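Student: In the working numbering, the protein residues as written are 1 to 248.
Shown below is the structure under consideration.
Given below as structure tokens:
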């Protein structure tokens, strides 16, 4: 039987989601906890691969298991065993062909920028001392909707069949001392959100104009886009699946 597990994590202590040969990952810690409780070797497949230091308010993964357990009981046991920076929200059975990565219809990321020094933010947002032009950054967001190919924002040497992504939402908003970028798409390329934010910061600082984004995107060249902002400000916020994946 196949199960989906919903969780959240603070990525500060981890070398990303995916298992690494010489570094600790969220996937490794979760697999060990599941295997210990279920007394079987459990492998999990995540909905995506967050980089080192990136956080997730909502992540999904799937695993296969033929034994029996009560979902609420397993959630309780996992949260008792897992470290304080990983929390399981729910576990539910899905149809056997359902895949956490391939059946997601959308993913939403947030990126947080602090506009003033804050002792509680330095591990969870990117501090930018200089004023940013929010109006110009939101003008640039509108340009993103005119394109599908975002190779210019992809990490170099990424092995993907297509650089096309369908962006559904992209906007900046100010909340107290933070500027928060929200972007929703059917899929994302490696390092894509951090590269978009770095380019937007350059626009907000006046180093680029919103219209420059047309040239950057059509160039398909990573070196034309802005810098990659630090990982600690990035959050995987939401993953959406069709309701039909579940077994009632």
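Backbone N, C-alpha and C fix where the C-beta goes; we use that ideal spot for every residue, glycine too.
Note that this is a predicted model, so its numbers are computed, not measured.
1. Measure the CB-CB distance between residue 104 and residue 203 and report whether it falls below 7 Å.
2. Run through the DSSP bridge pairs and tell me what residue 55 is partnered with.
3. So what does DSSP say about residue 12, is it helix, strand or coil?
4. In the DSSP assignment, find the unbroken alpha helix (DSSP H) run with residue 35 in it and report its ends.
5. Would you call the stretch 142–149 in contact with the stretch 212–230, where contact means no fewer than 3 C-beta pairs closer than 8 Å?
6. Which residues in the same chain as residue 79 place their Cβ atom closer than 7 Å to its Cβ, once the five residues preceding and following it in sequence are excluded?
7. Do the stretch 123–142 and the stretch 223–235 meet, that is, are 3 or more Cβ pairs less than 8 Å apart?
8. State yes or no: is the C-beta of residue 155 within less than 7 Å of the C-beta of residue 110?
9. Out of 200, 160 and 96, point me to the one whose CA is closest to residue 138's CA.
10. Got a sec, what are the start and stop residues for the beta strand (DSSP E) residue 77 sits in?
11. Please give the ranges of any beta strand (DSSP E) in the stretch 98–181, keeping only runs that are unbroken, at least 3 residues long and fully inside the region.
12. Within 10 angstroms of the Cβ of residue 197, are there 16 or more other Cβ atoms? Answer buried if so, exposed if not.
Tutor: The structure says:
1. no
2. 235
3. helix
4. 26–38
5. yes
6. 87 and 88
7. yes
8. no
9. 200
10. Note, residue 77: premise wrong, no beta strand (DSSP E); alpha helix (DSSP H) at 71–81.
11. 106–114 and 167–175
12. buried
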